[in-house]
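Going by the UniProt record's numbering, the sequence shown opens with residue 1, and the numbers climb by one from there.
The structure under discussion appears below in the form of structure tokens.
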Amino acid sequence: MIKIIGIAGSLRKQSYNTALLHAAAQLLPEQAVLEIATIRDIPLYNEDMETTEGVPQAVSLLQERIAASDALLLATPEYNHSMPGGFGTMLSQNVWLPVFRRLGMRPWLGEKIMLSKAHQVFNEDGKLQDEAVCKQLASFLAGFAAFV
1 MIKIIGIAGS LRKQSYNTAL LHAAAQLLPE QAVLEIATIR DIPLYNEDME
51 TTEGVPQAVS LLQERIAASD ALLLATPEYN HSMPGGFGTM LSQNVWLPVF
101 RRLGMRPWLG EKIMLSKAHQ VFNEDGKLQD EAVCKQLASF LAGFAAFV
């Protein structure tokens, strides 16, 4: 069984990125399972604090979950051709290249999904309702699972 950790870059309660990860969990091939993690408790990086108090517990716990998984699936909004600050903080503390190497991970750069007008493809309950997007996501996930 392939264990995937999914992380959404948005902190919103009704995040379309989190909804997309929930849809992905349902559309993954049978040999894979997706567990969704949150960045809600990841603090801004502070070297002084890390020196005196150690790595924050939320960061350590997420690192452990990532290390125990076979793959990492990231879903994030794009703001002005960049990512949200909290997501960037999480990446810098958990996922940047030296951390990838330490965890024995390798990035998959084969595909990506760009979802514009997300409010039109999810219903009020956050369920993916657009059949074309479902097919695109299923195809993406099949390629991702095959890579892992």
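Quick reminder that beta carbons are idealized off the backbone N, C-alpha and C, glycines included.
Keep in mind the model is a prediction, meaning the values are calculated, not measured.
As computed with DSSP, Lys3 is found in a beta bridge with Val33.
Per the C-alpha coordinates, the member of Ala8, Thr89 and Glu131 positioned closest to Pro43 is Thr89. At the C-beta level, Leu27 and Gly6 stay beyond 7 Å of one another.
Under the three-state reduction of DSSP, Leu115 is assigned to coil, being neither helix nor strand. In the three-state scheme derived from DSSP, where H, G and I count as helix and E and B as strand, Leu73 is classed as strand. At the C-beta level, Gly9 and Met83 come within 7 Å of one another.
DSSP places Ser15 in the coil class of the three-state scheme, outside both helix and strand. DSSP places Ile66 inside the alpha helix (DSSP H), whose first and last residues are Gln57 to Ala67.
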